[in-house]
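Peer 1: Sequences listed follow chains A and B, in order. Here the working numbering runs 28 ahead of the position in the first sequence, where the first position is 1. Here the working numbering runs 30 ahead of the position in the second sequence, where the first position is 1. Would you mind keeping the following structure in view while I ask a few things?
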Amino acid sequence: MENVTLKENDGVKEGVDQETVDAVREVGGKYKYGWSTDIEMEYAPKGLTPDIVRLISEKNEEPEWMTEWRLAAYDRWLTKKEPDWAMVDYPEIDFQDQYYYARPKSMIEKPKSLDDVDPKLLETYKKLGIPLKEQMVLAGVEGAEDIPAEGRKVAVDAVFDSVSVGTTFQDELKKAGVIFCSISEAIREHPELVRKYLGTVVPVSDNFYATLNSAVFSDGSFVYVPPGVRCPMELSTYFRINAENTGQFERTLIIADKGSYVSYLEGCTAPQRDESQLHAAVVEIIVEEDAEVKYSTVQNWYPGDEDGKGGIYNFVTKRADCRGDRAKVMWTQVETGSAVTWKYPSCILRGDDSQGEFYSIAIANNMQQADTGTKMIHLGKRTKSRIVSKGISAGKAQNTYRGLVSMHPKAKESRNYTQCDSLLIGSDCGAHTVPYIEVKNNSSRVEHEATTSKVDDDQMFYCRSRGMDEEEAVALVVNGFCKDVLQALPMEFAMEAQALVAISLEGSVG
Amino acid sequence: MLSIKNLHVELEDEDKKILKGVDLEVEAGKVHAIMGPNGSGKSTLSYVLSGKDGYEVTDGSATLEGNDLLDLEPEERAAAGLFLAFQYPVEIPGVGNMTFLRTAVNAQRKARGEEEMSAADFLKEIRAKAKDLKIDADMLKRPVNMGFSGGEKKRNEILQMAMLEPKMCILDETDSGLDVDAMKLVAEGVNALRNEGRGFLVITHYQRLLDHIKPDVVHIMSDGRIIKTGGPELALEVEHNGYADILAEVA
Ligand SMILES: Nc1ncnc2c1ncn2[C@@H]1O[C@H](COP(=O)(O)OP(=O)(O)OP(=O)(O)O)[C@@H](O)[C@H]1O
Ligand SMILES: [Mg+2]
């Protein structure tokens with residue numbers, strides 16, 4: 029919880045504050061990204077058949093092997109069942125009543141200048157807070173890359189419904205040897221890398237949603253950091269669902285080769301609609317020897333209204349494989365959106381002395397349901413993992429932490445520390461903690477701490493007696509509760525996350 | 031400044047009357063002290079004035095500069111200029127002390143339609159005021175009141191008061207738990223804030239504090255009423271003889 033404006037040499041840095049409160053005021057406390065863009069879309073017909081899978085593959089101009097890979101996944105999917113063990117409850121999804129492919133028509137041919145770009149698309153990026161130059165690049169304006177950028181340097185890839193609409197700062201990254209592009213481009217331009225790694229962390233048959241994603245993913249981001257390279261800037265992807273009745277199935281593949289480092293940010297928004305929309309993403313991360321990856325998510329999909337109408341069903345499989353010795357991965361997530369969240373970013377600690385960390389804030393308000401956590405699979409010797417989970421429930425929401433820590437026989441002298449805190453606001457919500465622990469050797473140690481607390485009346489009164497209104501007071505107390513996780517986020521994201529915490533708790537008091 | 035008339039208060043949850051007709055008038059520029067036996071209702075009075083839940087006002091009124099306090103939310107009372115230094119300051123995990131204060135200062139300013147204080151001005155001011163109270167930089171960064179010693183918590187309340195510059199300050203046993211030096215610091219802090227426009231209501235059990243903060247008026251509270259009002263000499267009398275004589279006198 030750090031504040032940029034108060035940064036000083038003597039280390040007096042401070043946190044939640046005016047910016048948070050301003051952000052809340054600015055959006056009137058309502059879902060900020062609830063608008064939709066009226067853009068002419070090209071859709072594939074509804075429903076899922078081998079032909080649709082082929083069509084997606086063809087639209088992306090994929091090679092034969094990729095088409096086959098997808099079709100194999102499709103066949104597997106037909107044999108699989110939707111999982112029902114999570115503590116979430118939602119009406120049955122008709123998978124044949126969804127669009128599996130949609131893209132803005134204006135993207136079919138590249139615009140020559142800003143004037144040719146569909147202004148509505150530009151408007152969308154503006155509302156998402158993406159700087160103009162990056163808006164131009166994202167809109168595919170030829171030559172936009174050469175215009176000097178002002179301000180912060182974060183390379184952005186934006187995925188609009190099913191397609192990636194562009195990636196910024198490509199040239200600069202190229203100089204460093206980093207590949208950051210859409211996965212569809214990677215399949216075309218770097219097939220050897222994609223073939224080598226795709227599906228090796230999350231196998232095609234992993235679970236119902238991952239299998240579905242493997243068959244129909246239409247785009248997503250691809251990152252490759254070569255040996256010894258420290259990626260010179262943060263990489264960031266914005267995912268946006270716009271079209272109605274459209275599932276979004278993005279696929280992210282990140283490879284950190286030996287001794288490299290990369291920090292990757294992911295942001296998600298969707299319009300406010302009465303009908304629920306499906307989102308089933310897969311993220312695979314490969315971390316080689318001595319490499320380090322930080323993956324941060326601020327998930328702010330539309331959560332549905334107060335009565336639980338609409339919202340995104342978010343079924344996501346994210347996994348990192350620390351393949352080499354001393355590899356490190358850190359997941360940080362701020363989950364404030366979605367009607368239903370089903371998500372367990374995991375670490376396979378295969379290399380000796382490899383490390384996995386998971387920091388999570390999950391907020392569920394109104395009728396939201398969140399079932400989230402992590403899996404730490406210790407395979408290598410002296411592997412370490414750390415889990416810090418902060419669950420906040422308000423309204424009638426249910427929030428479940430589900431975690432697995434597994435120490436295999438060969439994972440000698442490994443360590444895990446888990447801290448799992450739940451905070452309740454009001455008395456109609458629930459918090460659940462479901463930790464699974466398996467230790468199959470006797471030199472490893474697993475520590476688990478869990479607490480459940482309520483936002484305390486005395487704390488509220490203390491804040492209010494100093495002049496804060498109820499919502500400011502709750503935001504302050506909750507941000508304090510989340511501090512350990514907010515601190516793990518990159519600075520810019522931490523600010524955004526603080527503001528989101530406040531926004532998503534709107535209406536939870538009083 | 032603060033005008034309390036015939037204030038009757040009982041608990042919301044149980045049938046218990048705590049304040050049974052309090053009358054009190056604190057003028058701008060004056061320091062009033064309230065003394066009284068444990069459980070006589072001093073803290074309750076301060077809570078009711080600041081708007082804490084759980085109490086029901088069954089009769090009477092309380093106004094600040096003519097505005098009805100009892101109708102306002104706690105934050106509105108704060109913005110109107112009321113401040114309570116808590117007898118038991120509350121801990122807030124994870125929220126930096128400075129963050130807390132900056133949020134509070136700006137919330138009040140906004141409520142009054144004033145400009146927010148810039149980060150730089152805020153830092154400058156809080157550093158200077160913290161220094162006067164011998165509060166070090168580390169305490170400013172630590173979470174609000176977490177792990178603070180009893181005396182540190184009380185000094186922190188005075189720091190908040192100095193930053194918020196309220197019109198009417200209520201101090202509930204700010205002296206208890208303070209060592210001799212800290213007591214002086216707190217008293218100096220209060221004296222520095224004394225001016226014509228500001229009123230003080232100082233709740234205390236001891237003459238010691240009143241040696242440093244010279245009160246204009248001293249009240250004795252017992253069983254939910256102000257039973258005697260006098261000058262500074264009344265506090266000395268309590269110090270020497272306890273409450274027995276005074277209680278007997280009014281009985
Ligand atoms: N929330 C409550 N529930 C039950 N009793 C209460 C509550 N609040 C106050 N009381 C009772 O009201 C009476 C007055 O309490 P109060 O704290 O105001 O006393 P005080 O004068 O501040 O005492 P002290 O000098 O010990 O601080 C006490 O008998 C106390 O037990
Ligand atoms: Mg008291």
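Glycine included, every Cβ here is placed at the ideal spot set by N, Cα and C.
Does the region 227 to 241 of chain A come within contact of the region 209 to 219 of chain A, defined as at least 3 CB pairs closer than 8 Å?
Peer 2: no
Peer 1: Which bits of chain B does Gln487/A rub up against, with CB to CB less than 7 Å?
Peer 2: Neighbours of Gln487/A on chain B, chain order: Val120, Ile122.
Peer 1: For Ser388/A, is the beta carbon positioned less than 6 Å from some heavy atom of ligand 2?
Peer 2: Ser388/A: no, Cβ never under 6 Å from ligand 2.
Peer 1: Around ligand 1, which residues pass a check of Cβ closer than 5 Å to any of its heavy atoms?
Peer 2: Ile48/B, Asn68/B, Gly69/B, Ser70/B, Gly71/B, Lys72/B, Ser73/B, Thr74/B
Peer 1: Are Leu49/B and Gly66/B close, meaning C-beta to C-beta below 7 Å?
Peer 2: no
Peer 1: Under the criterion of a Cβ to heavy atom distance below 6 Å, does Gln117/B qualify as lining ligand 2?
Peer 2: yes
Peer 1: Counting Cβ pairs, one atom from each stretch, are 3 or more of them under 8 Å apart for the region 414 to 429 of chain A and the region 440 to 455 of chain A?
Peer 2: yes
Peer 1: For Lys511/A, which residues in chain B fall below 7 Å Cβ to Cβ?
Peer 2: Within chain B, Gly124 have C-beta atoms less than 7 Å from the C-beta of Lys511/A, given in sequence order.
Peer 1: Once DSSP output is grouped into helix, strand and coil, what is the label at Thr325/A?
Peer 2: strand
Peer 1: With a 10 Å radius around its C-beta and 16 neighbouring C-beta atoms as the bar for buried, classify Ser481/A as buried or exposed.
Peer 2: exposed
Peer 1: Residues of chain A with CB closer than 7 Å to the CB of Glu282/B, please, in chain order.
Peer 2: Shown here, chain B extends from 31 to 281; a query on residue 282/B therefore has no answer.
Peer 1: Please report the straight-line C-alpha distance between Tyr118/A and Val368/A, rounded to a whole angstrom.
Peer 2: 8 Å
Peer 1: Which residues bound the alpha helix (DSSP H) around Trp105/A?
Peer 2: 92 to 106
Peer 1: Name, please, each residue of chain B whose Cβ falls closer than 8 Å to the Cβ of Asp505/A.
Peer 2: It should be pointed out that residue 505/A corresponds to Val in this sequence rather than to Asp. Ordered by position in chain B, the residues that pass the 8 Å Cβ test against Val505/A are Ile122, Val125.
Peer 1: With DSSP as the reference, identify every bridge partner of Ala134/B, one or two as the case may be.
Peer 2: None; Ala134/B has no bridge partner.
Peer 1: For the putative contact between Thr364/A and Gln327/A, defined by C-beta atoms under 8 Å, what is the C-beta separation to the nearest angstrom?
Peer 2: 7 Å
Peer 1: Pick out whichever of Cys491/A, Asp512/A, Leu517/A has its Cα sitting closest to the Cα of Val505/A.
Peer 2: Cys491/A
Peer 1: Can you tell me which residues form a DSSP beta bridge with His249/B?
Peer 2: Ile64/B, Thr259/B
Peer 1: Against chain D, does Leu94/B count as a neighbour if the rule is that its beta carbon must be under 7 Å from one of theirs?
Peer 2: Of the protein chains in the structure, A and B, none is chain D.
Peer 1: If you scan the region 117 to 191 of chain B from start to end, which runs of the alpha helix (DSSP H) of 4 or more residues do you find wholly inside it?
Peer 2: Positions of the alpha helix (DSSP H) runs, each at least 4 residues long and wholly inside the region 117 to 191 of chain B, are given as 127 to 141, 149 to 162, 167 to 171 in order along the chain.
Peer 1: Measuring straight from C-alpha to C-alpha, what distance separates Gln515/A and Pro91/A?
Peer 2: 43 Å
Peer 1: Between Ile256/B and ligand 4, is the CB less than 6 Å from at least one heavy atom?
Peer 2: For the structure depicted, ligand 4 is absent and the ligand set comprises only ligand 1 and ligand 2.
Peer 1: Report yes or no: is there a C-beta of chain B within less than 7 Å of the C-beta of Glu500/A?
Peer 2: yes
Peer 1: Where do the N-terminal and C-terminal ends of the alpha helix (DSSP H) with Ser85/A fall, by residue?
Peer 2: 78 to 87
Peer 1: Once you ignore the five residues that flank Val174/B on each side, which residues in its own chain have a CB closer than 7 Å to its CB?
Peer 2: Glu121, Ile122, Val125, Asn127, Phe130
Peer 1: Using only alpha-carbon positions, find the residue among Asp101/B, Ala212/B, Ala158/B, Tyr85/B that is nearest to Asp43/B.
Peer 2: Tyr85/B
Peer 1: Please name the residue, chosen from Leu54/B, Glu40/B, Asp45/B, Lys47/B, that lies closest to Leu32/B on a Cα-to-Cα basis.
Peer 2: Leu54/B
Peer 1: Under 7 Å, do Leu76/A and Tyr128/A count as touching if we go by C-beta distance?
Peer 2: yes
Peer 1: Please report the straight-line C-alpha distance between Glu47/A and Glu267/B, rounded to a whole angstrom.
Peer 2: For Glu47/A, the predicted structure reports a pLDDT of 42, less than 50, and the residue's modelled location is therefore unreliable. The matter cannot be settled from this model.
Peer 1: Name the chain B residues that come within less than 7 Å of Thr508/A, Cβ to Cβ?
Peer 2: The residue you asked about is not Thr; residue 508/A is Gly in the sequence shown. Here the neighbours are Ile122, Pro123, Gly124, Val125, Pro173.
Peer 1: Tell me the DSSP secondary structure of Lys482/A in three-state form.
Peer 2: strand
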